[in-house]
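Down below is the structure, laid out as structure tokens.
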Amino acid sequence: MNKKLVLNTLRSVKNTKSRFIAIMAIIAIGSGFFAGVKSASPSMKMSAADYLEKQNLADFHLVSELGFDDEDVSAVSSAVDTDGLYAGYSADLMMSGAGDNDSTVKVYSYDPKSMVNIPYITEGRLPEAAGEVFADERFFSASSPEIGDIISLKTGDDREIGDILGRTEYTVVGKGISPIYVAFERGSAAIGNGTINGWLLVPEENFSYDIYTDVYISLSQTDGMDPYSGEYANIISRDTDMLDDFADVQIEHRKGVISDEAYKEINDAKAELKDGEKEIVDNEKKIADAERDIADGEAEIAENEKKLADAEKEIVNGQEELANGENEYRDGEIALDSLNAAVEWLNGIISDYETNAAADEAEVSERIASYPKNDFLAVDETLTQLLTGYMSIPAAYDDGTKAACRQGLEQYGTGIAAQVQELEATLAESRIQLDNAAAELENTRAEVANGREEIAKARVDIADGKKEIEDGKKDIADGKKDIEKARQEIADAEQKLHDEIDSAKWYVFDRDFNPSYSNYAEDCDRVDAIADVFPIFFILVAALVCCTTMTRMVEEQRTQTGTLKALGYSRYSIIFQYILYALAASIPGAFIGLLIGFNSLPPIIFKCYQTMYSQPYFINPFRWNYAAGCTVVACLCTGLSALYASRLELVSCPAQLMRPKPPKNGKRILLERAAFIWKRLKFTTKVTFRNLFRYKARLLMTVIGIAGCTALLLAGYGLQYSITSIVDKQYGDIFKYDAIVAVDNGADDDDYVKILDECFSDGIASDKMIALQETADIKSGSEELETYLFVPDDPGELEKFIDLHERKSREKIFLGDGVVLGEKLARLLGVTAGDSVYFNDGFPVTVEAVCENYTFNYAYMTAETYEKAGFDNAFKSNMILLNIDGSTSEKEDMLSSRLVKNDSVLAVSFSSSGGGKFRDLVSSLSLIIVVIIVSAGALAFVVLFNLSNININERVHELATIKVLGFYDGEVAAYVYRENILLTLMGTVAGLGLGVALEKFVIKTAEVDSVMFSAEIPWYCFLNAAFLTFVFALAVNITLYFRLKKIDMATSLKAIE
Amino acid sequence: MSYVEFKDVYKRYRMGEVTIAASDGINFEIEKGEFAVIVGASGAGKTTVLNMLGGMDTCDEGQIFVDGRDIAKFSKKEVTAYRRRDIGFVFQFYNLVQNLTAKENVELATEICTDAIDAEEVLKQVGLGERINNFPAQLSGGEQQRVSIARALAKSPKLLLCDEPTGALDYNTGKTILKLLQDTCREKGMTVVVITHNQAITPMADRVIKIKNSKVSKVTLNPEPVSVDTIEW
């Protein structure tokens, strides 16, 4: 190769800058995009492999229904060659504190010595002492524990926390990522709302279990091995078989231990049962005794009442007697008074007439008449004589009569005094008697009152006693029932023990059983699939354009080629020139493209996926193989185009070459045959059509080039729509509810009433539906998937909250006897209406219909169907769906703050923020689409520019001529533009068609299991793609305008080269 | 004043360090209806004169009058309008658009002109009445040049500028083309300017302007121009 030829080539690079740069740019875009997108997947896998290697994610995870004891663990460790084995504990619990109210968490034991599943620390440190906890960096609930927070754990069901953990309060010391969780799905639990929100690591010593729940094994053989390689898969499948066999043998050990323990327990229970039965018999006897006692008591009461009645009668009599006594006494007293008065009267008379006084007859009778009348002194003859005698005889005249009379009178007085004395004694006696009688009566009265009170008390006692007996009888009945139940339970337990132990087995899970783990690999493969379609499209378009460009270049250099040939240069030197030119453009182009592509696209794509997977870092090595491959392809592209373009020139003889190439003959085009159209066309339009179809190859290439770009743009926009629209469709067209209240499983009807009161008060909620939602395994044939199962309490209410309908016909679906599946779920399971599916290995359920659904997989059925489908539990609601009239954030805040305080409420979520998790995925994919759109746009621009440039170069003579003919600049431009616009139009139309196909293909490869992208592309995506293509065309045309202006008219005078 | 007049026209090109004058004070006149031949050796500067006269290039200095207007002072747009209306150009290599038929090539010019002659009419005048629907590739060189002339004439220009019109043609065909140009001049009173290096054809011109070293070396007026048929070279 001649030095001068090299020089000539390099000079020509300088002279054809725009063409050279165009080739370089196309190669750069093509190879950069290809290498960038293509290396994303291996880099993502490589990063994951590196991370998993460093954290030493277990190759196997063993779970046994019977747990593992130390003997099992040592057996395992001797059975496989491990470089890390950890037997630990795990439990699903509810976490509170750190601003979180009852999150469901999976708590794992952590042993610093364990070399398996080492957590990746993002903040703080790992737990060192008891009571410390290392928390999941990413909880799904809004708040995640911060370092220093105290969290407390409870079981959330009837398990005792003390049986699981030694303490309930833990201090957060660090946060990070666990290799066990590749994505942000945390799995499901039997507590809370069924979804695990995050995981926690607590020191092993905090667990109270005595048998291990999990065994993790890391094989030494897979150390440093690519976990996505076939080699790894082989080892795992071999060891899975081995472990399965081993497990079948080793399970017997625990079976033995457990059945011993269990039978002991059952026997204890039986003994207890016997004791219980004896107690009941004793109690029955006690009750009989008590009943007898009560009968006795009642008889006694009757007797006593009779006695009391007698006593009362006596009291009445006593009272009467007492009254009589009193009367008598009073009479006595009166008599006494009379007696005393008589004595006094007598004594008065005696003293009055003792001395001198003598009374006349009148006075005597007066005095006698003054006698106080009473029954005790009869003023009889004698007395009257005595008195008269006494009074009428003055003392001085006394003859003894007076004295005798006085004596007689005194005798009377003494007689009366004696009577008085007697009466007084009698009265005093009778007083005492009366008082005694009164006292006695009082006593009797008190006694009777007491007696009554006692009887009342005795009656109450008897009533109580009777009730006690009643209760006792009931207790005994209950006890008998309990015993019956216990007997049944013991029987069941015996049966179950038998069954369970018989069927118990070890489960050997390899990494693929972790859905996120395999999803990550699948997602990487999807990126790879996109990387196969899009970049190849890019490369094809680039190759096409390079070919056109090189062809033009060779044509331009025709004379020079002839000259060189004439000078005696060999064919090869001449070919080499073109190849040199091609390489000079493609190698730096590829280099620039690779540099940009490698460093920008994989990190962008990784960032997208990082929103879904917990891969903490990204390794993005420069991939020499792709770089080399790309460069070689780029060089082949341009080099072969150069070779192809120069093929004719090389066989022609120099003289032929030096003569101007005979211009391609004009020809009538097909359209001219349709004379009626042709005639109507304007002259300029005719020219445009002629020119267009004159160079069919170029027309084709341009159309394909533009079509390719438009297709890429449309596919990009279409994908973006497909992905973003599904959130709106799901949460607008299908999910009509405004809020979901997740309710604790333990909540009863009263709790629901309370929650609903809170929802409906102040007119927040306008409508409600109670439902059950849980995750379930759904199976059909060999396909098994996890799905959300939704069971409304009242299927009639469903359509107000969830609009089930067929996608195409939009026909409403009502729940009947079968299950309604989401479209994607049905597609993945390969079932249609009428087929049968199984939930959690239960009974077959007929697929009733398939409904439109985009995000996550849902299955809907009625409670009746649920009961028949063979689930472990009966239908029990765990959520309330709400409609809120004119849902505003104020209303939502009010509702959620109110409900959070309710212990039965686990979570409140609103549709307005609905699909939050899903929006992440959408935004991540959207970013990839933006990358595609930008790249496609860049490619479109370069392609259009280059092709238009070639077009002008080819026709510079013609354009100079029409300029000489007096075409204004605008007219010259229009002359070219008309063709460009038409080409763009044709390319765009073709591209839109191609884009639809491309989008369909990409969606098919890029879709994930839990999502169905909407397949349709709305009109505005077409508009966008077409518009953008035209914008690029316009931009290109504007730059071309200046080139056209610069065309020298003198060119027209020269011979055609 | 003459119909065409160059007055001290200079055109200089800068080639790196040196400045080359392609027109170094050109002065000449051409009267209306004359058949003028500008003759000179290769590189003498005749094409520069043609470019300036045809409005394809501007002069750096001096005045160029055509029909009383100084085209040297024209704006870009005026120059284009001048080319469009006043100039008919016949190229050495015909410069037909290959993709257009003879008629369409003529129409390419008439489309943009207001008072153009009908394309078929002009083609008949140049003797191509039978071949109006042929593509250039289906025509001989002479025929193509006739199309080229027809295209120039169809605009009824003030000046018909011909750049080596026979340069790419054989002797006999060249002669018939020259004859056509001369006849056009005579019959239509068209002012024709032919640029050529061929001294032999000067006797047929009314006026011969000889260019040498970027200057007009001699202007000869032929009172009795001869017919092309009598010239031989």
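Protein chains in written order, with my numbering: chain A, 33 to 1089; chain B, 152 to 384. Where is the CB? At the ideal position from N, CA and C, for every residue including glycine.
Can residue i and residue j be called in contact, C-beta distance under 7 Å?
{"i": "A/S73", "j": "A/V559", "result": "yes"}
{"i": "A/G594", "j": "A/P686", "result": "yes"}
{"i": "A/A674", "j": "A/Y610", "result": "yes"}
{"i": "B/A351", "j": "B/P376", "result": "no"}
{"i": "B/I177", "j": "B/V343", "result": "no"}
{"i": "B/I362", "j": "B/G191", "result": "yes"}
{"i": "A/Y769", "j": "A/F833", "result": "yes"}
{"i": "A/D82", "j": "A/I268", "result": "no"}
{"i": "B/Q214", "j": "B/D314", "result": "no"}
{"i": "B/L311", "j": "B/M341", "result": "yes"}
With DSSP as the reference, label residue i as helix, strand or coil.
{"i": "A/S14", "result": "Nothing can be reported for residue 14 of chain A, as the shown portion of chain A is limited to 33 through 1089."}
{"i": "A/I736", "result": "helix"}
{"i": "A/W710", "result": "helix"}
{"i": "B/Q249", "result": "coil"}
{"i": "A/D325", "result": "helix"}
{"i": "B/W384", "result": "coil"}
{"i": "A/R199", "result": "coil"}
{"i": "B/L279", "result": "coil"}
{"i": "B/I263", "result": "coil"}
{"i": "A/T387", "result": "coil"}
{"i": "A/G156", "result": "strand"}
{"i": "B/L290", "result": "coil"}
{"i": "A/N356", "result": "helix"}
{"i": "A/G129", "result": "strand"}
{"i": "A/V26", "result": "For chain A, the structure presents residues 33 to 1089; residue 26 of chain A sits outside this window and is missing."}
{"i": "A/K35", "result": "helix"}
{"i": "B/R220", "result": "strand"}
The beta strand (DSSP E) spanning residue i covers which residue range?
{"i": "B/R358", "result": "R358 to K363"}
{"i": "A/P620", "result": "No beta strand (DSSP E) holds A/P620; the alpha helix (DSSP H) holding it covers R603 to Q642."}
{"i": "B/T371", "result": "K366 to L372"}
{"i": "A/C883", "result": "P876 to C883"}
{"i": "A/I59", "result": "Counting along the chain, A/I59 falls outside any beta strand (DSSP E), though it belongs to the alpha helix (DSSP H) covering K49 to Q87."}
Can you pull the DSSP bridge partners for residue i?
{"i": "A/N915", "result": "A/D799"}
{"i": "A/K138", "result": "A/D124 and A/W231"}
{"i": "B/D314", "result": "B/I346"}
{"i": "B/I163", "result": "Going by the sequence as given, residue 163 of chain B is Arg instead of Ile. Paired residue(s): B/A172."}
{"i": "A/W20", "result": "The structure shown does not extend to residue 20 of chain A, since chain A spans only 33 to 1089, so no value can be given for it."}
{"i": "A/T887", "result": "A/V1043"}
{"i": "A/H1138", "result": "Absent from the structure is residue 1138 of chain A, since the part of chain A shown begins at 33 and ends at 1089."}
{"i": "A/V247", "result": "A/L94 and A/A119"}
Between which two residues does the alpha helix (DSSP H) containing residue i stretch?
{"i": "A/E816", "result": "Here A/E816 belongs to no alpha helix (DSSP H); instead the beta strand (DSSP E) covers E815 to P824."}
{"i": "B/G213", "result": "Segment E212 to V217 is the beta strand (DSSP E) holding B/G213; no alpha helix (DSSP H) there."}
{"i": "A/D524", "result": "T433 to S535"}
{"i": "A/H93", "result": "Element bounds for A/H93: not the alpha helix (DSSP H) but the beta strand (DSSP E), F92 to F100."}
{"i": "A/F721", "result": "F715 to R726"}
{"i": "A/L997", "result": "It is not in any alpha helix (DSSP H) - A/L997 carries neither H nor E in the DSSP assignment."}
(request) Answer yes if the region 788 to 808 of chain A comes into contact with the region 828 to 847 of chain A, meaning at least three C-beta pairs across the two stretches below 8 Å, and no otherwise. (result) yes
(request) Could you say if the region 729 to 748 of chain A and the region 1018 to 1037 of chain A meet the contact criterion of at least three C-beta pairs nearer than 8 Å? (result) Counting C-beta pairs with one atom in each stretch, the region 729 to 748 of chain A and the region 1018 to 1037 of chain A have three or more that are closer than 8 Å, which means they touch.
(message) Across the region 163 to 172 of chain A and the region 202 to 212 of chain A, are there enough close Cβ pairs to call them in contact, namely three or more that are closer than 8 Å?
(response) yes
(request) Determine contact between the region 776 to 784 of chain A and the region 603 to 619 of chain A, defined as no fewer than three beta-carbon pairs at a distance below 8 Å. (result) no
(request) Mind the definition here: the region 836 to 846 of chain A touches the region 777 to 796 of chain A only if three or more C-beta pairs lie below 8 Å; say whether that holds. (result) no
(request) Count the CB pairs spanning the region 173 to 188 of chain B and the region 320 to 330 of chain B that are closer than 8 Å, and state whether there are at least three. (result) Verdict: no, contact absent.
(message) Would the region 761 to 768 of chain A count as touching the region 976 to 991 of chain A if we require 3 or more Cβ pairs under 8 Å?
(response) no
(request) Pair every Cβ in the region 578 to 587 of chain A with every Cβ in the region 636 to 647 of chain A, then say whether three or more of these pairs are closer than 8 Å. (result) no
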